[in-house]
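Asker: Protein chains in written order, with the working numbering: chain W, 1 to 596; chain Z, 1001 to 1596. Below you'll find the structure I mean.
2 protein chains.
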Amino acid sequence: MSQYAAPLKDMRFVLNELAGLGEVAKLPGFEDATPETVDAILEEASKFASEVLDPLNYSGDQEGSVWKEGKVTTPKGFKEAYKQYTDGGWAALPFDAAHGGQGLPKLVATAVEEMLTSANMSFSLCPLLTQGAIHALELAGTDALKHTYLEKMVAGRWTGTMNLTEPQAGSDLALVKTRAKPAGDHYLISGQKIFITYGEHDMSENIVHLVLARTPDAPEGVKGISLFVVPKFLPKADGTPGERNGAKCASIEHKLGIHASPTAVMVFEDAKGYLVGEVNKGLSYMFVMMNAARFSVGLEGVSIAERAFQRALAYAKERLQGKDLVQGGKTVPIIRHPDVRRMLMLMKSQTEAARALAYVVASSMDVFTKTKNKDEAKQHQAFVDLMIPVVKGWSTETGIEVASLGVQVHGGMGFIEETGAAQHLRDARITTIYEGTTGIQAADLVGRKIAREGGATVKGWLSVLKGFDAELAKSKNPDIQVLRQRLAAGAQAVSESVDFILATAGKDPNAAFAGAVPFLRLMGIVAGGWQLGRAALVSEKKLADKTGDQNFYSAKISTARFFADHLLSQASGLSATVVQGAASVMAVPDDQFLAA
Amino acid sequence: MSQYAAPLKDMRFVLNELAGLGEVAKLPGFEDATPETVDAILEEASKFASEVLDPLNYSGDQEGSVWKEGKVTTPKGFKEAYKQYTDGGWAALPFDAAHGGQGLPKLVATAVEEMLTSANMSFSLCPLLTQGAIHALELAGTDALKHTYLEKMVAGRWTGTMNLTEPQAGSDLALVKTRAKPAGDHYLISGQKIFITYGEHDMSENIVHLVLARTPDAPEGVKGISLFVVPKFLPKADGTPGERNGAKCASIEHKLGIHASPTAVMVFEDAKGYLVGEVNKGLSYMFVMMNAARFSVGLEGVSIAERAFQRALAYAKERLQGKDLVQGGKTVPIIRHPDVRRMLMLMKSQTEAARALAYVVASSMDVFTKTKNKDEAKQHQAFVDLMIPVVKGWSTETGIEVASLGVQVHGGMGFIEETGAAQHLRDARITTIYEGTTGIQAADLVGRKIAREGGATVKGWLSVLKGFDAELAKSKNPDIQVLRQRLAAGAQAVSESVDFILATAGKDPNAAFAGAVPFLRLMGIVAGGWQLGRAALVSEKKLADKTGDQNFYSAKISTARFFADHLLSQASGLSATVVQGAASVMAVPDDQFLAA
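The structure is reproduced here in C-alpha cells:
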C-alpha cells in the first residue's frame, strides 16, 4: 500500500503558472523540456516514488542501516531500489549531456527530487550527496578527474559524499585538521571526518569522497583548506574500481531519524587523494556548491511536509470522534472539527507556499545558468542568492512544524511508531541542522546577502512586491483583498527590519544578528504569502474564465486567505522582535545563566 | 554523572515571591509547611532527583520497558529506584494525613513533582497516574474501598492507572464500549483499553486500575459511563494481594518517546470490578480529577523544558566554534554567538514564565481547597479552572519548543541519540496529546471556561492585569517599561479575542473554536508575561534594597524584557488570527483537500 501520491496537480500548477516552465524551456539547452516530455517525466517519477521508494520508507526506518566490521548494509530493498533508480536514468536527470546527463532544467529536476524525497527521505540522501560531489568536480576538477569520475557518478553507478565536518569543526570549518601530504601526482590524506552521509554503503560499485583537508604549508583558518577526491576503490586504468583505498568507515551514528541513511565516521589513513582545483581554495568551491545543497535541503522541508500532510489528511478523513459543532447528530470524521481543520490548513498552506517559493527559485537558477542576457543573469543570480537561505531555513523549520502538526492530528496514535507520523517528525528534525543550521542560514542572509551589499537585492525584491500590490489591488475578491493588506504589512515589516540590519550591522553586529532567525522567518512568510497571492490571482482569472478545475482554484484562494490571517499576521510581531528585541538577547551575562 | 540539578534558586524565588508560600502555609492544615521543613524537602527532593532518578533517564530510554507473556519488565534500576521513592516517603507527600499522607501544600508538592519529572519523566508517570487514582477514590469511593486501597496507594506500595481510552474512543469518551455486568457486590468488567500508562509493570505489589465502563442498562453517550476499581490482584481479607484478577496486559506500545514508561493494551475478561460512586456518574468524577492530571502534564512541559535548557546551556558553554562577532580573536564557546544566546533566552524565559504560572495556579488550588472564606475559595477555584487548560496547553507546547531548541543548540550532535537532547524532544512530544490534546484544552478554555459563563472569570483576570499595569507604571526601569507596554498590548489582544469568542460562540461555534489554539497560546504568553513582570518588580525592589543575589535579580529583569520583545510581541498577530482568521479555517470543503 502506497502512503504517498505525488501532488501532481499542484506541482503542474506551480511549474506552469508560477515558476514559468514555458519560459524556462525556451532557454538555450533546454529545448528537450517540451510539455509532453515534462509531463511524462512527472508521471514516471510519481510512479517510481510511490511504487518503489515509498514502500521502503517505514521498513527502512525500522530496520536502519547496519555497520559490521567496516561494512554497511542498507535496509532490505534499498540496494534493489537504487538499481532501479539508476536503470531508470533518474540519476542523470539534471546533469549536463557532456557526461551522460539528460540536461533537463533544474525546475523539472526539482519536482522530481521533491517526489523522491517525499517518498523516502533516507534514500534520497544518497543521490543528493552524489549531486554535490558531481557539482564540485564539474566546477573545479581537472579533465582527467572529470574523465575518470563524472560519467559513472552521473549514471549513479558510483556515489559521492561530502567530507567537511570533524569533531571539533562543525559550523566552523576554519578548525578543520585533516592533513593532505603531497606524494607525487596525488596526496596522502589522514584524519577523521564525522557526519558523512552515505560515507559507506552497499548500493554502488564505488564511493567518491570529496574531502576538505590541509596541505603541510597551508595557512591557518579557512584560507588553508583544500578539496580532494578520495575514492573508496582506486580506479584502474580501464576505469573499473581497483585497489581499496585507506578511507574506512569506523562506525555509523545512532540517530533520531533518517535511520536508513548511514551517517558515517570516516577515518582516512594515508588515503590516496587527488586535488580538486587549486590548493587552499577548497572552501570557495564548497560555497559555490552549497547553494545547490542548501536548496535541496530546503526542498526536503517541502517534501516531508507534503508527506506528513497527506498522512494526517487521510487520518482526519477516516478517524471518527465527536459531533459536528453546528449540526450535532452522529459521530463525524475529525476533519469536521475546526481545530483539526486549522491544523490541516496550516499544513496545506505552508507546504504549498514553500513549494511555490522553491520552484520559483529553481526557475531563476535555470535562467541565470542558461540565459545569454548578462543583466538578466545577474538579476536572477542575486535573487537566488538572497532566497537560498530563506528556502533552506524557512522551508525546513516549516517542515518540522508541519510534521509535528501531523503527529498532533493523529492524537495518541501519532505517538505510536507504527502509525508512521512520528517518523516524519524524526526525519524532518535534521533538516534545520545539516548543510548549515537555521542560525547559519539567517546569518548568511543578514550578513552576506543583505548587509554586505547595502540591501540592494532585498530592496529590489521589495519593489517587486510593491508592483505586485498594484496587481492585487485590481482584484475584486474580498479574500484577495485581505491577503493584499497583510502582504503589504509584511513587506513593511521586512523593510523596517532591513533598515535596522543595515544601520546596525557595522557598528553593533550582535544587535544585527540577534534577530537574524526571526528575520529569516519573516522573509519566509512574506515570500510564501507573495507566492500564494500570485496563485490566488491566477486562480481568480481561471474562475472568471471558467477553465480548469474550478474547485481547485477556489481552494487556492481560500488557502491564500488562510495563510494571510494565520501566518502573514505574524509579520509585525516579528519585525518588532528584530528591531526592538536585539537589546535583551545579550543582556544576561554568560555566568548568570542558571545561577544556582 | 548527573545531568540535572534542580533550579532551587528559581524555585524558591517563585514559591516565596510569586506564589505566596508564606500565605499558603497559614491555611488550616498546612501548619507543618514551615520555611525550614519546605527547604529541607526541596533539598532532599533535589538530591533524590539528581542521584537516583536522573542516572536512569537515558539508560531507561535506550532499554525501554519490555513485555513478555503478559508481564512487563521496567528498565534496569527502575524497580530499585521506585523502592527508594516509596521508602523516602515521596509518594505520600501531597496526600491527606487520614490515609498516611504528609498533608503538604500542593504548591510544595508541585516543586517536588517538577524535580522528579525533570530527572526522569518516564519514571514520574507511575506516581502521577497513581495520584489520579487516589483522587478518584478520595472523591467518590465508599469507606470500604478507601479502607482497602488508599493507605497502600498513598504509601506507593500499590500503584494506580486510569483506563479511559479504547481504540474507537479517544478524545470522545461517549464512544466507550467496555461493559460492566452486575454480579452481587461487584461487577464483571469486559473490554479492551489502550494507552494505559503503567498498566502493567514490576515495581509494585499490586496495580489498581480505575476503569470507565457501561452497565447493561446504561444510556448511550457520556451519561452512561460508570467508574470501577479493578485491581490486578484481588485483595485478601487481611489486605494483602490475593487472587489474580482478569485484567491482563496484552502488549505494550512501541512509542516515539517515554520508552521506559510502559503504555499498555489492557484486556478485561470478566474482571472483578467495584463501583466507584454512583452508576452513570463516572465521567463527572473523571472531570474533577482531570484538573489535577492536566495540571501535572502541564508541569511536565516545565520539567522537560528545564532539563532541555540545562543540557543545551552546558553544551553552549563548552562547545567552541567561531569567533566573537565584536571582539574577533580566538574561537569562543557558542554561547557568545547572538543566535545561540537568543535560543537559550527563549528556553530560559519561557521555562521560567511557565514555572511561575504553574506554581501560582498550584497556590490557588491550595487556597480554594483549604480556606474557610467561601468567596475567596470561589474566586480561586474560578481562576484555577480558567488557567488549567492554559497551564496544560501552553506549557506543553512550550516544552516541545524548548526541547526542540535544545536539539538545535547542539547542532549535529543534537541529532545523535547518545547526546540525550533528542530524547527530551521525543519525551516532550506526548505532553500535548495525552490528558486531552492542545485542541481539547483550547476548546475547554473557549467553551466551558469562557463562553459558558459569559467571560466573567477571564474579564476578572483582565482587571487584575489592569491593576498590575498601574504597579508597573511606578517602575523607573526602562526594561520594565517595555514589558509594561507589551503586556498592555497583550491584555488588549486577549480582550478583543474574548469579545469575539463571546459574540460568536452561540451563533457560529466553528468560528469561535477555529482560533481556540492561537487564543490559548495568547493566554499563555500574556499570563507568562504577567508572571515575569511580577518577578521583575520584585527584582527591582531587591536591587534597590541591595538584598540577595543582585545578579540573579538583574537577570530576572533582562529575562522579562526578552520575553516582552520575543514572545509578548506576538500578541496582536495572535488576536488577529483569532478574530479574522476564523473565516478561512473551514472555507476549503472536505473534498477539496488534495484534489489530485
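Don't be surprised by glycine CBs; every beta carbon is placed ideally from N, CA and C.
With 7 Å as the limit, tell me which residues of the stretch 1575-1588 of chain Z have their beta carbon closer than that to any beta carbon of chain W; keep them in chain order.
Answerer: From the stretch 1575-1588 of chain Z, only A1576, T1577, Q1580, G1581, S1584, V1585, M1586, A1587 and V1588 have a Cβ closer than 7 Å to chain W.
Asker: What does the alpha-carbon distance come out to for the pair G277/W and L173/W?
Answerer: One C-alpha to the other measures close to 18 Å.
Asker: Let's test the definition: count the other Cβ atoms within 10 Å of the Cβ of A1577/Z and tell me whether it reaches 16, buried, or not, exposed.
Answerer: Per the sequence presented here, residue 1577/Z reads as Thr, with Ala not at that position. So T1577/Z counts as buried.
Asker: For a test of the three-state rule: what should DSSP assign to Y1187/Z, helix, strand or coil?
Answerer: Residue state, collapsed to three classes: strand.
Asker: Consider the Cβ of A1443/Z: report whether some Cβ of chain W lies at a distance smaller than 8 Å.
Answerer: Judged by the 8 Å Cβ criterion, A1443/Z is in contact with chain W.
Asker: Does S1475/Z have its Cβ less than 8 Å from a Cβ in chain W?
Answerer: Cβ-Cβ to chain W under 8 Å: no for S1475/Z.
Asker: May I ask you to list the residues that DSSP assigns as paired with K251/W?
Answerer: The sequence given here has Ser at residue 251/W, not Lys. Bridge partners of S251/W: V265/W.
Asker: Reducing DSSP to helix, strand and coil, say where N1206/Z ends up.
Answerer: Strand.
Asker: Inspect the CB distances between the stretch 342-355 of chain W and the stretch 257-265 of chain W and report whether three or more fall short of 8 Å.
Answerer: No, the stretch 342-355 of chain W is not in contact with the stretch 257-265 of chain W.
Asker: With a cut-off of 8 Å on the beta carbons, I'd call A358/W and T110/W a contact; round off their distance for me.
Answerer: About 7 Å separates the two Cβ atoms, so the contact holds.
Asker: In angstroms, rounded to a whole number, what distance separates the CA positions of G1273/Z and I335/W?
Answerer: Roughly 37 Å separates the two Cα atoms.
Asker: Count the other C-beta atoms from every protein chain shown that fall within 10 angstroms of the C-beta of N373/W, then say buried if there are 16 or more, exposed otherwise.
Answerer: By the 10 Å Cβ count, N373/W comes out exposed.
Asker: Please go through the same chain and pick out, in chain order, the residues whose beta-carbon is closer than 8 Å to the beta-carbon of S1059/Z, but skip the five residues on each side of it.
Answerer: Closer than 8 Å at Cβ, skipping near neighbours: P1075, K1076 and G1077.
Asker: Closer than 9 Å, Cβ to any Cβ of chain Z: which residues of the stretch 105-122 of chain W, in chain order?
Answerer: Hits within the stretch: zero.
Asker: Of the residues that make up the stretch 539-567 of chain W, which ones have a beta carbon closer than 7 Å to any beta carbon in chain Z?
Answerer: Listed in sequence order: D549, N551, F552, A555, S558, T559, R561, F562, D565 and H566.
Asker: Counting only C-beta atoms, is F1593/Z closer than 8 Å to chain W at any point?
Answerer: Judged by the 8 Å Cβ criterion, F1593/Z is in contact with chain W.
Asker: Are G455/W and L502/W close, meaning C-beta to C-beta below 8 Å?
Answerer: Yes, the pair counts as a contact, with Cβ atoms nearer than the cut-off.
Asker: Pick helix, strand or coil for I525/W, following the three-state DSSP scheme.
Answerer: It is helical.
Asker: Which value, in whole angstroms, describes the spacing of the CA atoms of A1596/Z and G467/W?
Answerer: Note on A1596/Z: pLDDT 48, under 50, position unreliable in the model; no value is reported.
Asker: By DSSP, does F95/W sit in helix, in strand, or in coil?
Answerer: Coil, per DSSP.
Asker: L487/W and L568/W: beta carbons closer than 8 Å?
Answerer: It is a contact, given that the beta carbons lie within the stated cut-off.
Asker: Compare the C-beta of A596/W against all C-beta atoms of chain Z and say whether one is closer than 8 Å.
Answerer: Its pLDDT being 48, under 50, A596/W is placed unreliably by the model, and the measurement read from it follows with that caveat. Yes, A596/W lies at the interface with chain Z (some Cβ there is under 8 Å from its Cβ).
Asker: Which residue's Cα is closest to the Cα of D1270/Z: Y1285/Z, R1244/Z and N1280/Z?
Answerer: Nearest of Y1285/Z, R1244/Z and N1280/Z to D1270/Z, Cα basis: R1244/Z.
Asker: When the Cα atoms are used, what is the spatial distance from K317/W to R307/W?
Answerer: Using only the alpha carbons, I get a separation of about 16 Å.
Asker: Please list, in chain order, the residues of the stretch 1168-1180 of chain Z that have any C-beta partner in chain W closer than 9 Å.
Answerer: Result list: Q1168, A1169, G1170, S1171, D1172, A1174 and L1175.
Asker: Which residues does DSSP list as the beta-bridge partners of D1324/Z?
Answerer: For D1324/Z, which the question treats as bridged, DSSP gives the partners G1328/Z.
Asker: Mind checking whether E1572/Z and Y1553/Z have CB atoms under 8 Å apart?
Answerer: Here the sequence assigns Ser to residue 1572/Z, which means Glu is not the residue at that position. Contact: no.
Asker: So for W1461/Z, helix, strand or coil by DSSP?
Answerer: Three-state DSSP puts W1461/Z in a helix.
Asker: Using DSSP with H/G/I as helix, E/B as strand and the rest coil, what is S475/W?
Answerer: Three-state result, S475/W: coil.
Asker: If distances are taken between C-alpha atoms only, which option among T240/W, L145/W and G221/W comes closest to L210/W?
Answerer: It is L145/W.
Asker: Taking CB distances under 8 Å as the criterion, tell me whether D1614/Z reaches chain W.
Answerer: This structure does not reach residue 1614/Z, given that chain Z is present from 1001 up to 1596, and the question cannot be answered.
Asker: Please report how far the alpha carbon of T34/W lies from the alpha carbon of A25/W, in whole angstroms.
Answerer: Cα-Cα distance, rounded: 7 Å.
Asker: Quick check on G1581/Z: does DSSP put it in helix, strand or coil?
Answerer: Here G1581/Z sits in coil by DSSP.
Asker: Any beta-carbon of chain Z closer than 8 Å to the one on V407/W?
Answerer: At least one chain Z Cβ lies under 8 Å of V407/W.
Asker: Tell me the DSSP secondary structure of Y645/W in three-state form.
Answerer: Residue 645/W cannot be examined here, being either before or after the span of chain W that is shown, 1 to 596.
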